[in-house]
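K.L.:
Questions regarding the structure given below will be posed in turn.
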Ligand code: GN1
Ligand code: MG
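In this note's numbering, the protein residues as written are 1 to 352.
Following this line, the structure appears as structure tokens:
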């Protein structure tokens with residue numbers, strides 16, 4: 001714990017810190033809440049940025065500051081109340097930047113938003129608000145002038161993800177390709193590949209735009225208040241130019257799944273159309289000013305693309321020997337991939 005106090009001390013007076021405790025369940029970064037003396041609620045969030053995943057932390061923080069700054073300015077002009085609860089705010093460190101490097105590890109601190117809640121599952125009503133909020137988020141950023149770097153190149157490019165899978169299969173670093181299930185899994189993925197690469201083809205034909213998207217719209221990346229209103233969009237690391245499919249598809253990948261992302265019991269996994277419809281309604285309202293007919297038409301495709309892509313990514317990591325996602329047991333990525341594949345099949349049944 002002492003090491004964490006020292007790191008936090010670059011951002012705040014270390015003598016005020018009471019305790020630093022783990023927070024949340026992200027698969028990439030490590031997150032903690034900072035309790036300060038004399039206050040019941042946590043006051044700050046301390047986060048270690050996974051710089052194996054986000055290799056350009058300078059660009060990462062520049063992106064986030066551009067995005068939060070732009071949204072904050074708009075809220076100020078609209079006289080929005082409680083702006084500090086609606087947009088993330090990162091603290092400056094004694095280095096003059098919003099991050100510090102200690103022993104090759106990167107850290108940042110943001111304000112904790114008290115009396116806020118995250119959920120791993122939502123009702124249709126909450127899904128509607130979420131759709132509206134992610135739509136508004138894209139809409140707020142539509143006129144952002146500062147350039148936003150592609151922080152993880154080809155992050156949601158399914159052709160690239162399939163190429164990574166093929167490379168993993170060819171390398172077979174840890175011998176997973178001996179498993180018949182894995183071979184068959186790869187074959188099933190290949191059979192659907194052409195169909196799922198539709199978005200990239202349309203992009204090359206100049207028919208599909210990229211917009212500034214959140215790119216990690218899992219249900220638990222949104223804070224709600226006591227009354228179920230959406231407070232704030234969090235986890236802004238992956239904000240970058242992408243197809244709007246990213247935000248639409250990734251939300252439903254988590255929210256419309258009646259099971260868990262890593263559910264070992266595939267019978268739990270169905271695609272909840274009520275959630276889909278509620279989210280779509282909100283999302284179409286939030287994006288009404290800019291979404292093109294083609295983007296709208298392809299929203300069902302987006303909802304199938306994301307479980308497909310996530311199955312590809314989890315399976316690739318499994319074949320590579322689990323170097324990317326945090327795992328809790330040896331076959332965790334395979335279990336996740338199976339669950340995402342089932343969700344893909346269920347989404348296809350429901351939507352296409
Ligand atoms: C990762 O960090 P977290 O858990 O919010 C991943 C997403 C995946 C997700 C799967 C940078 O997000 O792309 O969809 O896990 N983020 C990165 O749960 O790879
Ligand atoms: Mg997250």
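Even for Gly, the Cβ is constructed at its ideal location relative to N, Cα and C. Being a predicted model, the structure only gives us computed values, none of them experimental.
1) Taking Cβ to Cβ, would you say residue 340 is nearer than 9 Å to residue 253?
2) If I follow the unbroken alpha helix (DSSP H) through residue 183, where does it start and stop?
3) Give the straight-line distance between the Cα atoms of residue 96 and residue 3, rounded to the nearest whole angstrom.
4) Rounded to the nearest angstrom, how far is the Cβ of residue 290 from that of residue 214, given a contact under 8 Å?
5) Going by the C-beta, is residue 261 closer than 8 Å to any heavy atom of ligand 1?
6) Could you give the uninterrupted runs of the beta strand (DSSP E) lying entirely in the region 74–158, keeping only those of 3 residues or more?
7) Do residue 134 and residue 251 come within 9 Å of each other at the CB atom, strictly closer than that value?
8) Where residue 216 and residue 36 are concerned, what is the direct C-alpha to C-alpha distance, given to the nearest angstrom?
9) Going along the chain, which residues of its own chain have a beta-carbon closer than 6 Å to the beta-carbon of residue 386, five neighbours each way excluded?
10) Take every Cβ of the region 107–115, pair it with every Cβ of the region 82–96, and state whether three or more of those distances are shorter than 8 Å.
11) Would you kindly report the start and end of the unbroken beta strand (DSSP E) that includes residue 374?
12) Helix, strand or coil for residue 247 per DSSP?
13) Say the cut is 8 Å; is the CB of residue 323 nearer than that to a heavy atom of ligand 1?
14) What residue does the alpha helix (DSSP H) around residue 309 start on, and which one ends it?
15) Tell me, please, which residues DSSP counts as bridged to residue 224.
P.N.:
In this structure, then:
1) Their beta carbons are under 9 Å apart, which means residue 340 touches residue 253 by this criterion.
2) For residue 183, the uninterrupted alpha helix (DSSP H) segment begins and ends at 180–196.
3) Here the C-alpha atom of residue 96 lies approximately 21 Å from the C-alpha atom of residue 3.
4) Contact annotation, residue 290 with residue 214: C-beta distance approximately 15 Å; criterion of less than 8 Å not satisfied.
5) Yes, the Cβ of residue 261 comes within 8 Å of a heavy atom of ligand 1.
6) The qualifying runs are 100–102 and 105–111.
7) Cβ distance < 9 Å, so residue 251 and residue 134 count as in contact.
8) Taking the straight line joining both Cα atoms gives about 30 Å.
9) It is not possible to answer for residue 386, since the shown part of the chain is limited to 1 through 352.
10) Counting Cβ pairs under 8 Å, three or more are found: they touch.
11) Residue 374 lies beyond the range of the chain shown here (1 to 352); nothing can be said about it.
12) The answer is helix: DSSP assigns residue 247 an H, G or I state.
13) Distance from the C-beta of residue 323 to the nearest heavy atom of ligand 1 is not below 8 Å.
14) Per DSSP, residue 309 belongs to the alpha helix (DSSP H) from 299–319.
15) Answer is 117 and 230, bridged to residue 224.
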